[in-house]
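Convert by adding 241 to the 1-based position in the sequence shown; the result is the number in our numbering.
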Amino acid sequence: MKTYLALTATTALAALVALPAAAEISSRTITISNGIAETHPVGNGVAAMEECLTERTDGAWELNAFWSSALGDDLTATQALRSGTQEMVISSSSPLVGIEPALGVFDLPFLFNDAAEADAVLDGDFGDFIAEKMEESDLVNLAFWENGFRNLTNSVRPVTSLEDFQGMRVRVMQNNIFLDTFQTLGANATPMAFGEVFTALETRAIDAQENPYVTIDTSQFYEVQDYLSATQHAYTPFMVLFSKPMFDTYSEEEQQILRDCAVVGRDEQRRVSRELSDRSLAKVQEEGMAFNEIDTDQMTRIREEVAGVYDRHAETIGADVIERMQAELARIRGE
Ligand code: TK8
Numbered sequence: 242m243k244t245y246l247a248l249t250a251t252t253a254l255a256a257l258v259a260l261p262a263a264a265e266i267s268s269r270t271i272t273i274s275n276g277i278a279e280t281h282p283v284g285n286g287v288a289a290m291e292e293c294l295t296e297r298t299d300g301a302w303e304l305n306a307f308w309s310s311a312l313g314d315d316l317t318a319t320q321a322l323r324s325g326t327q328e329m330v331i332s333s334s335s336p337l338v339g340i341e342p343a344l345g346v347f348d349l350p351f352l353f354n355d356a357a358e359a360d361a362v363l364d365g366d367f368g369d370f371i372a373e374k375m376e377e378s379d380l381v382n383l384a385f386w387e388n389g390f391r392n393l394t395n396s397v398r399p400v401t402s403l404e405d406f407q408g409m410r411v412r413v414m415q416n417n418i419f420l421d422t423f424q425t426l427g428a429n430a431t432p433m434a435f436g437e438v439f440t441a442l443e444t445r446a447i448d449a450q451e452n453p454y455v456t457i458d459t460s461q462f463y464e465v466q467d468y469l470s471a472t473q474h475a476y477t478p479f480m481v482l483f484s485k486p487m488f489d490t491y492s493e494e495e496q497q498i499l500r501d502c503a504v505v506g507r508d509e510q511r512r513v514s515r516e517l518s519d520r521s522l523a524k525v526q527e528e529g530m531a532f533n534e535i536d537t538d539q540m541t542r543i544r545e546e547v548a549g550v551y552d553r554h555a556e557t558i559g560a561d562v563i564e565r566m567q568a569e570l571a572r573i574r575g576e
């Protein structure tokens, strides 16, 4: 009798604990796509996110990840989210300005001074403001991860001065602000999806591209590029986007699990990205790239040359969006 009672109590307790979870969490396979290789720190972020999801759902969810543009480039995959045919994408913000013009604020040259500033803006009120805007386009931004500070590679010459950009055929993202920045520097800029860049460099259809060190390394651009110059001309984020039509079918508990685990992934992704950056820079030099920094006077000339980009794109991005960003940066900088 005693044993029976104890058993019943245990069973009842187990049912109490298990029931709400069983009611709120359905078993799911979530497709997530990326343009970069799995060896990029985004791979570490996705692994950390998956571990978190497994733990929080008792293994009811699985992430099905596709790399190297296997499900299409950033823009194509993001459109699939909007129409509710794919759950997730980790996309650069830059190719999405046609969907949400305010995202162009991140593409303005020399906006952030360092990664800490970028984190403070992206993880704070400004990031929330952007996330709210994305919902109007049927996209839920779960978190901002790191793409990083971008640097120029090419197969023509080391870029040490403003004049060195002249006539260089540079691939830029599908983004008018980057296009304007590189045209203003005198380059011949061509917008292109990321998945086409390696081949375009290999066949010499273009001379140059720009990306953070970890991307230059993990995409093996060192095989088809000779020079790397530390231009640090912009910091662009990755957005961890979820299809809003699909998100809306998830229970509140499930939505919270997604948000929490995207943040767990973010912290790991940024940690690895920052740790790898120096190693990637060393590695691409070992692989034969010639690296140079650009002296302060020339960097000042480059910055001044592109300063007009801010005004030329203020109307498209939204003057209020740029002002909000600048106010936020002033606050962070203690100005
Ligand atoms: C990968 C891209 C890449 C970006 C680019 O899909 O296109 O140059 O920097 O990281 O999002």
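All C-beta atoms, glycine included, are put in the ideal place defined by N, C-alpha and C. Treat the numbers as computed from the prediction; the structure is a model and nothing was measured.
As computed with DSSP, Glu387 is found in a beta bridge with Pro478. In this structure, the beta-carbon distance from Gln539 to Phe532 does not fall below 8 Å. In the DSSP assignment, Phe367 falls outside any beta strand (DSSP E) and within the unbroken alpha helix (DSSP H) covering 366-376. Taking C-beta atoms under 8 Å as the contact rule, Thr459 and His281 qualify, at a distance of about 4 Å. Relative to the non-hydrogen atoms of the ligand TK8, the Cβ of Ile340 never comes closer than 7 Å to any of them. Tyr491 sits in coil when the DSSP states are folded into three classes, being neither helix nor strand. Annotation: Asn285 to Val504 spans about 13 Å, alpha carbon to alpha carbon.
Counting other Cβ atoms within 10 Å of its Cβ, Thr440 stays below 16 and is therefore classed as exposed. With a threshold of 16 other beta carbon atoms within 10 Å, Ala446 falls short and is exposed. In the structure shown, Pro486 falls within a helical segment according to DSSP collapsed to helix, strand and coil. Going by DSSP, Val330 is part of the beta strand (DSSP E) stretching over 329-333.
The C-alpha of Ala343 lies about 17 Å from the C-alpha of Val481. Shortest gap from the CB of Asn392 to any heavy atom of the ligand TK8: 7 Å or more. Under DSSP, Ser274 shares a beta bridge with Phe307, Val330.
For Ala361, the enclosing alpha helix (DSSP H) begins and ends at 356-363. Between Met414 and Ser332, the gap from beta carbon to beta carbon reaches 8 Å or more.
Cα atoms of Asp348 and Ala321: separation of roughly 24 Å, rounded to the nearest angstrom. Judged by DSSP in its simplified three-state form, Ala449 adopts strand. Taking each of Phe488, Ala523, Pro453, Asp369 in turn and checking the Cα distance to Thr394, the smallest one comes out for Pro453.
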